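Each residue of the sequence shown is one higher than the last, beginning at 2 in my numbering.
Backbone N, C-alpha and C define an ideal beta-carbon position, used for all residues, glycine too.
Please read these numbers as outputs of a predicted model, since none were measured by experiment.
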Amino acid sequence: MQIGGLSVALVLGITGGIATGKTTVMKMLGELGAVTLSADDIAREVLAKCNPAYHEVVERFGPGILKPDGDINRELLARIIFDDPCAREALNKITHPRIIQRMQEHIDRFRSAPPKPDAVLAVEIPLLMECGLENMVDEVVVVAAEQDTQVGRLTSRSGISREEAVRRINAQMPIGEKVRRAKRVIWNDGSLRDLAESVERLWREIQSTKP
Numbered sequence: 002m003q004i005g006g007l008s009v010a011l012v013l014g015i016t017g018g019i020a021t022g023k024t025t026v027m028k029m030l031g032e033l034g035a036v037t038l039s040a041d042d043i044a045r046e047v048l049a050k051c052n053p054a055y056h057e058v059v060e061r062f063g064p065g066i067l068k069p070d071g072d073i074n075r076e077l078l079a080r081i082i083f084d085d086p087c088a089r090e091a092l093n094k095i096t097h098p099r100i101i102q103r104m105q106e107h108i109d110r111f112r113s114a115p116p117k118p119d120a121v122l123a124v125e126i127p128l129l130m131e132c133g134l135e136n137m138v139d140e141v142v143v144v145a146a147e148q149d150t151q152v153g154r155l156t157s158r159s160g161i162s163r164e165e166a167v168r169r170i171n172a173q174m175p176i177g178e179k180v181r182r183a184k185r186v187i188w189n190d191g192s193l194r195d196l197a198e199s200v201e202r203l204w205r206e207i208q209s210t211k212p
């Protein structure tokens, strides 16, 4: 990104709906040269057994959410919170402040000491808009797909029913609202090659702002 004729580090917030391809876009940007950061990876760290959030979640939801090795069963927890708004709110209160704090720390470190002056950090934040985090990043990129595409991917990768997939999609902000609010949108209803071309186009647009 260029400001006043100088190149400065750029933070992209990658968001979208469930099963629209956010993680894939983040990884593709990484292959093109961006530094990458995933809110889901940070969430896994926050829920690790050595951290306070782990114990708070187990206390709230019970030992039934644990795997035999003691780790939290994230798929089971996801089913619980998607079916129960109160449970979802309870989990969010425990985890979101910690996840946001860690993300902000990562972003602050990147801004203060980027690997190069015009580096790009691509941060995947599924609930970026729901949590009002637009100001945490410089630009928002929404990865969007038609609902039928989302349902097909969810049922294929997670082995859940179509009805469960639709419930999970409807539990989030409508994708149309995210598209409306975003500066950049990548539609991902085609092949991986199509998506790669869209990501490469985005990368070129970003690079074109540099001197």
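Here's the rule: buried if 16 or more other CB atoms are within 10 angstroms of the residue's CB, otherwise exposed. What is residue i?
i, result
"residue 175", "exposed"
"residue 189", "buried"
"residue 193", "exposed"
"residue 114", "exposed"
"residue 64", "exposed"
"residue 49", "exposed"
"residue 151", "buried"
"residue 21", "buried"
"residue 127", "buried"
"residue 184", "exposed"
"residue 125", "buried"
"residue 4", "Residue placement at residue 4 cannot be trusted, given a pLDDT of 37 that sits under 50; what the coordinates show is reported in the next sentence. So residue 4 counts as exposed."
"residue 179", "buried"
"residue 169", "buried"
"residue 208", "exposed"
Would a check of beta-carbon distances place residue i closer than 8 Å to chain B?
i, result
"residue 128", "In the structure shown, chain B does not exist; there is a single protein chain."
Measuring CB to CB, does residue i end up less than 8 Å from residue j?
i, j, result
"residue 138", "residue 12", "yes"
"residue 129", "residue 108", "no"
"residue 17", "residue 23", "yes"
"residue 187", "residue 200", "yes"
"residue 100", "residue 40", "yes"
"residue 110", "residue 47", "no"
"residue 135", "residue 143", "no"
"residue 197", "residue 29", "yes"
"residue 95", "residue 35", "no"
"residue 132", "residue 97", "yes"
Assuming residue i is part of the beta strand (DSSP E), what are its boundary residues?
i, result
"residue 199", "Here residue 199 belongs to no beta strand (DSSP E); instead the alpha helix (DSSP H) covers 193-208."
"residue 11", "11-17"
"residue 187", "185-188"
From what residue to what residue does the alpha helix (DSSP H) around residue i run?
i, result
"residue 147", "That residue, residue 147, is in no alpha helix (DSSP H); it is neither H nor E in DSSP."
"residue 43", "40-47"
"residue 23", "23-33"
"residue 77", "75-84"
"residue 20", "Premise fails: residue 20 is in no alpha helix (DSSP H) and is neither H nor E."
"residue 53", "53-62"
Once the 5 residues before and after residue i are set aside, which same chain residues still bring their CB inside 8 Å of it?
i, result
"residue 66", "58, 59, 73, 74, 77, 78, 81"
"residue 162", "156"
"residue 158", "20"
Tell me which residues share the same chain as residue i and place their Cβ nearer than 6 Å to its Cβ, disregarding the 5 neighbours each side in the sequence.
i, result
"residue 88", "81, 82"
"residue 61", "91"
"residue 31", "37"
Between which residues of its own chain and residue i is the CB-CB distance below 7 Å, once the five residues before and five after are set aside?
i, result
"residue 7", "At residue 7 the pLDDT is 36, less than 50, meaning the model places this residue with poor confidence; the figure from the coordinates comes in the next sentence. Counting only Cβ-Cβ distances below 7 Å, and skipping sequence neighbours, we find nothing."
"residue 43", "100, 103, 104"
I'd like the ranges of any alpha helix (DSSP H) spanning at least 4 consecutive residues and lying wholly in the stretch 89-177.
148-159, 163-171
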